[in-house]
Amino acid sequence: MKKTNNGMWLKLKVTMAALFCLLLFAIHSNAENITGEKPVAFLPEQTFEFEPVIEGAVVIHDFIIQNKGTAPLVIHKVRTG
Numbered sequence: 006m007k008k009t010n011n012g013m014w015l016k017l018k019v020t021m022a023a024l025f026c027l028l029l030f031a032i033h034s035n036a037e038n039i040t041g042e043k044p045v046a047f048l049p050e051q052t053f054e055f056e057p058v059i060e061g062a063v064v065i066h067d068f069i070i071q072n073k074g075t076a077p078l079v080i081h082k083v084r085t086g
């Protein structure tokens with residue numbers, strides 16, 4: 006009588022799939038280090054002092070962000086100070 010352990014094979018397959026995914030993630034994370042290309046954000050104007058305004062008024066100012074690097078600059082999140 007041949008005994009098979011399906012649970013063991015399932016664990017092995019899941020473990021191998023997880024390791025493969027981690028390997029792909031590590032390769033993708035180091036891709037910019039290998040090529041030497043990096044984005045470099047440059048802000049010519051880092052602060053701006055708004056004039057006093059009436060409460061409820063809409064005030065707009067555009068901050069210019071330049072990419073001085075060789076890779077594309079992707080901005081994921083912006084926070085106000």
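Heads up: take any position in the sequence shown, counting from 1, add 5, and you land on this note's numbering. Just so you know, even glycine gets a beta-carbon here, dropped at the ideal spot from N, CA and C. From a predicted model like this one, the values you see are computed outputs, not experimental measurements.
Using a Cβ-Cβ cutoff of less than 8 angstroms, which residues in the same chain neighbour residue i once the five nearest sequence positions on both sides are dropped?
i: L48; result: F68, I69, I70 and Q71
Cβ of residue i within 8 angstroms of Cβ of residue j?
i: F55; j: V63; result: no
i: P57; j: L78; result: no
Out of the options, which has the shortest C-alpha to C-alpha gap to residue i?
i: A76; options: E60, G41 and L28; result: G41
i: E50; options: A23, G12, H66 and W14; result: H66
i: G74; options: G61, I80, A46 and R84; result: A46
Which residues does DSSP pair with residue i in a beta bridge?
i: N10; result: Partner(s): none; N10 has no beta bridge.
What does the alpha-carbon distance come out to for the pair residue i and residue j?
i: V83; j: L27; result: 29 angstroms
i: E60; j: F53; result: 19 angstroms
i: W14; j: I80; result: 43 angstroms
i: L29; j: K18; result: 17 angstroms
i: T20; j: A31; result: 16 angstroms
i: A22; j: G12; result: 15 angstroms
Go through its chain and collect everything with a Cβ distance to residue i's Cβ below 7 angstroms, but skip five positions before and after it.
i: T85; result: none
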